[in-house]
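Numbering (the numbering used here), first residue to last: 2 to 220.
We put the CB at the ideal spot given by N, CA and C, even for glycine.
Take a look at the structure set out below.
See below:
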């Protein structure tokens, strides 16, 4: 029953990059008539997709996603880095739009002119990419220590991402994604905050989250 519900929700979910996908198909020589035939719909509906007045579902666009999805993903990516077991740097190009970005801070009290001031230092970051076909990329980043950070800042004064190192995981289940995100900190308040904000981000991006009580509006 749950699988049927998820499948039904997926078939109705709007594909947010419909207009961008139409442009890619057009640039590759596809006409509106050809798109309508492949997607098994009317040319007038395809015209609305091109104009951006309507969005298709992922199921409707499956023939185009199979053909041009790689070009669409190529438009949104970020580069990450990490150390290998041999202590060498390796780099990753992660495609897919970012649906969640959260920074964990630690507080350090310093004294300036005899006054105690709390300084908020970025300690960890949680980033989630969605790549389509039920796949998420979960990235847990840690910041370099002060001495190494100062060296990197001299070399890359404007390149903040050079200061972060990343652990990367592929996840296909939303409950596992939420669980992994909340395990990034031992702070109970931050656990609640991360879980709430991640669920909110998932819902805002059209994903189904279990055990959410919905109060639908009447239009």
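Beta-bridge partners of residue 15 (DSSP): 58. Remark: three or more beta-carbon pairs, one from each stretch, lie closer than 8 Å, so the stretch 122-130 and the stretch 101-109 are flagged as touching.
Closest in alpha carbon position to residue 141, among 24, 215, 209, 178, is 178. Taking 8 Å as the upper bound for CB-CB distance, residue 176 and residue 119 are not in contact here, some 36 Å apart. A straight line joining the alpha-carbon of residue 116 with that of residue 90 spans about 41 Å.
Beta bridge pairing from DSSP links residue 90 with 84. Between residue 145 and residue 165, the C-beta gap is smaller than 9 Å, which places the two residues in contact. Residue 19 counts as buried, since at least 16 other C-beta atoms from the protein chains shown sit within 10 angstroms of its C-beta. Distance from the CA of residue 100 to the CA of residue 114, rounded to the nearest whole angstrom, comes to 42 Å. The three-state secondary structure of residue 48, taken from DSSP, is helix. If you check the CB distance, residue 42 and residue 72 do not come in under 9 Å.
Residue burial annotation: residue 53 is exposed, with fewer than 16 other C-beta atoms found within 10 angstroms of its C-beta. Restricting attention to 50, 214, 201, 38, the CA atom closest to the CA of residue 21 is found in 50. If you look at residue 142, you'll find it in the beta strand (DSSP E) that goes 137-144.
Non-local beta-carbon contacts of residue 92 in its own chain, meaning distances under 8 Å to residues more than five positions away in sequence, involve 80, 81, 82 in chain order.
Under the DSSP assignment, residue 192 falls in the alpha helix (DSSP H) whose first and last residues are 189-205. Where residue 183 is concerned, the enclosing alpha helix (DSSP H) starts and stops at 175-183. Distance from the CA of residue 96 to the CA of residue 169, rounded to the nearest whole angstrom, comes to 13 Å. Check the Cα spacing between residue 202 and each of 39, 98, 26, 25: the tightest is with 98. In the three-state DSSP reduction, residue 69 falls in the helix class (H, G or I).
In the structure shown, residue 126 adopts extended strand secondary structure according to DSSP, grouped into three states. A direct Cα-to-Cα measurement between residue 64 and residue 172 gives close to 25 Å.
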